[in-house]
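Set out below in structure tokens:
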């Protein structure tokens, strides 16, 4: 709750325009509050028993948000988190290991509007500094991390119909050469890709720089819809110490347009249709995603709604499937989505949702969802959203193994499998407003998921979607003591490779409850309770009854918090 109040001031890159569409694009978040107080990040040595803190203690935090004059929005956050230790026992010997250093986090944000909000300009800056005592942590976490970004917008006409908005920023992280080597080869960067010409691993590096940006053109008034954007994230960009970003090495853009009917007719109150073309490249000019998208929306006279979406993605390349290995082909695929809902104003509201994605490899994802909402009074609502997912992956990543005989794939074997996964989950929410000053919210999310891996295989050659199946053409595969054992070439020179059985059956239950009391205008007292319980087994079968029974018997982790705020006028 400390971070939620006034959080809109820290929104970056979202001013001026009413729509920020992205097709295969996720804008980096320069400030992601969950980084402060996160679970300790340090690795553990071998142990028989370990007691690791669930989260990092926030020793103190201060936040100042508000307006200066009529046009300046300002905000700053400063926090210090505690040095955390894990209690270990190995071969009867007890020890203690530092798993999170003493850390400082700082955020600075300001934005000014000009000419009656026709233009805006702002900046954001974040700072992270860590104080290490444990030598191994030097090589596992960045010592310092700094980011800086500029954002703004300008309207192109007096009616404020057309607007150009955008942002650009840069990051710098530093640490030991070992830490920078680990960062370069992490899933956010993959500098080690053997067929990439624009990136390479530098084992002597002690800092990493990067830049990113996104620029948008939007028509946000009238019946005709126009929305286009171009964005880029440099391979070295990394703001994950205090922010969040999906991936680097990306150039992405789209052109979209459509039409909307805003006046009621004999059938609809509102309707909209949109089409788009989009593409993504890496900085080596490889086409890594492209497609054609269309969407329709209808609100009928009785306030029922219907949403449909269809997309086609032609064949492209993937620089992520091999997790730092060579490029592979990305088979063409089709996506379809339809969602319908009854009148949201009524006491009972029902909705149905269906999502499907199928590609030429045979991969098939299907999702069935339902929404049930009950509003017995204006101050009380209860909602239930069950969801069932079926996911069949033709090439799910397993691992890679060094082997000098695998010359066609740069001296590594990239192993995949077919995956049959089933997931059942639901979100349950209660909102109850007792008085304008006193309210209660509760949320719970049960989840059961199982995954069965089979049909193990390895990539045959780069820039392809071809595989060598284990158990065929002289190769052998067996399982012993829950471990797969593979000889890739039978009596040939290749070494035997092994990996643990990846099958899983995971179940969890997470929930929280918040009582909010505004004891005077602007000043609030919160009482918060959070509970979580989870367990995972190496079983690939979906077993609903057993999973529910085990979930209810699991020991729960409970967190209780009190937050007090006092509003001051300066």
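In our numbering, the protein residues as written are 21 to 590. Note that CB positions come from ideal geometry on N, CA and C, so glycine has one too. Small disclaimer: the values here were computed from a predicted structure and weren't measured.
Continuous beta strand (DSSP E) stretch holding residue i: start and end
i           : result
residue 158 : Not the beta strand (DSSP E): residue 158 falls in the alpha helix (DSSP H), residues 155-158.
residue 17  : Look at the range of the chain in this structure, 21 to 590, and you will see that residue 17 is not part of it.
residue 390 : 384-397
residue 199 : No beta strand (DSSP E) holds residue 199; the alpha helix (DSSP H) holding it covers 197-204.
residue 25  : Counting along the chain, residue 25 falls outside any beta strand (DSSP E), and DSSP gives it neither H nor E.
residue 185 : 182-194
residue 107 : 104-110
residue 407 : 400-422
Residues of its chain near residue i, where Cβ-Cβ distance is below 8 Å and the 5 sequence neighbours each way are ignored
i           : result
residue 487 : 415, 436, 477, 478, 479 and 480
residue 578 : 549, 550 and 551
residue 457 : 537, 538 and 539
residue 559 : 470, 523, 524 and 525
residue 87  : 93 and 94
Distance between residue j and residue i (C-alpha atoms, nearest Å)
i           : j           : result
residue 61  : residue 263 : 15 Å
residue 524 : residue 468 : 11 Å
residue 232 : residue 272 : 11 Å
residue 472 : residue 501 : 17 Å
residue 361 : residue 327 : 9 Å
residue 110 : residue 103 : 23 Å
residue 31  : residue 314 : 29 Å
residue 33  : residue 485 : 38 Å
residue 184 : residue 41  : 13 Å
residue 208 : residue 222 : 16 Å
residue 54  : residue 539 : 27 Å
residue 396 : residue 367 : 6 Å
residue 195 : residue 158 : 7 Å
residue 348 : residue 587 : 56 Å
residue 282 : residue 243 : 7 Å
residue 301 : residue 269 : 8 Å
Cβ-Cβ separation, residue j to residue i (assumed contact under 8 Å), whole Å
i           : j           : result
residue 363 : residue 322 : 6 Å
residue 47  : residue 267 : Actually they do not touch by this definition, with Cβ atoms about 12 Å apart.
residue 306 : residue 279 : Not really, about 35 Å apart at Cβ, beyond 8 Å.
residue 516 : residue 507 : 5 Å
residue 461 : residue 444 : That pair is no contact at about 24 Å.
residue 448 : residue 404 : 6 Å
residue 288 : residue 252 : Rounded, the Cβ-Cβ distance is 39 Å, inconsistent with contact.
residue 22  : residue 81  : 6 Å
residue 240 : residue 37  : 7 Å
residue 546 : residue 582 : 7 Å
6 Å CB neighbourhood of residue i in its chain, flanking five on each side removed
i           : result
residue 193 : 162, 165, 228 and 258
residue 376 : 356 and 386
residue 144 : 32, 50, 129 and 169
residue 358 : 328 and 374
Sequence-distant residues of the same chain with beta carbon closer than 7 Å to residue i, five excluded per side
i           : result
residue 384 : 378 and 412
residue 543 : 585, 586 and 587
residue 63  : 160
residue 433 : 420, 421, 423, 426, 478, 508 and 517
residue 245 : 239, 277, 278, 279, 280 and 294
With 16 other Cβ atoms within 10 Å as the buried cut-off, status of residue i
i           : result
residue 116 : exposed
residue 171 : buried
residue 334 : exposed
residue 561 : exposed
residue 296 : buried
residue 176 : exposed
residue 591 : As displayed, the chain neither begins before 21 nor continues past 590, which places residue 591 out of reach and without an answer.
residue 564 : exposed
residue 131 : buried
residue 426 : buried
Opening and closing residue of the alpha helix (DSSP H) in which residue i lies
i           : result
residue 565 : 564-573
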